[in-house]
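Quick note on this note's numbering: the sequence shown kicks off at 2 and runs consecutively.
The structure under discussion appears below in the form of structure tokens.
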Amino acid sequence: MKKKVLIGLSILIAFIGVIAFVAANSPNRNDFLAKYDLEGMTVKEIVAYLENDLNEPTNFSAAITGSKLLLGDSQQQVELELPNGQFYLSFAPYVNQTHPCANHNLVTCRGELKNKSFEVKIVDSQTNTVIIERTIISSSNGLLVFGCLKINVFKSPYHMGI
Numbered sequence: 002m003k004k005k006v007l008i009g010l011s012i013l014i015a016f017i018g019v020i021a022f023v024a025a026n027s028p029n030r031n032d033f034l035a036k037y038d039l040e041g042m043t044v045k046e047i048v049a050y051l052e053n054d055l056n057e058p059t060n061f062s063a064a065i066t067g068s069k070l071l072l073g074d075s076q077q078q079v080e081l082e083l084p085n086g087q088f089y090l091s092f093a094p095y096v097n098q099t100h101p102c103a104n105h106n107l108v109t110c111r112g113e114l115k116n117k118s119f120e121v122k123i124v125d126s127q128t129n130t131v132i133i134e135r136t137i138i139s140s141s142n143g144l145l146v147f148g149c150l151k152i153n154v155f156k157s158p159y160h161m162g163i
């Protein structure tokens, strides 16, 4: 009986040791953010910083989905949740060509019309409420960036819509 208990304890101690070793030797999110001078920034600040930085580090990637900011390099991937009830919005005005964009890449997506002025009006099609109406100057990467916006989600009879 004592032998079985000792074997069980040995296995448990070995398991805890492996977990502690892996945790101690794997880079954490804060180390990753510090490596790219993003430590201490909110998700909104990181997005704004990356949208305007045209000097991307080698092997660095940053994509944004409807709910997450995905950062990575050849060593590590980090996911940061967007603030509750917010989504990221940007447009890439173009003259000659565009591309489909399901997940926006903050460091490689570029628009054609850099530092140009645009009259923008965004209207809620359900209520005709004007959400944004102003002149916006495209950034140095050619995008019209609205950043993280708060939205009201509603249910339609067709189970879709924002």
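By construction, the Cβ of each residue, glycine as well, lies at the ideal position given by its N, Cα and C atoms.
As the structure is a computational prediction, the values presented were derived from the model and not from experiment.
Exposed or buried, Q78, counting other C-beta atoms within 10 Å across all chains shown (16 or more means buried)?
exposed
Touch test, the region 113-122 against the region 66-86, Cβ-Cβ under 8 Å, three pairs minimum
no
From what residue to what residue does the beta strand (DSSP E) around K69 run?
69-73
List the DSSP bridge partners of L145.
F92
Using C-beta distances below 8 Å, list every residue in its chain close to N31, excluding the 5 sequence neighbours before and after it, in chain order.
E40
Taking contact to mean at least 3 C-beta pairs separated by less than 8 Å, is the region 94-113 in contact with the region 122-135?
no
F61 versus S75: straight-line alpha-carbon distance, rounded
8 Å
On a Cα-Cα basis, can you pick out the residue from L83, E57, I138 that is closest to T66?
L83
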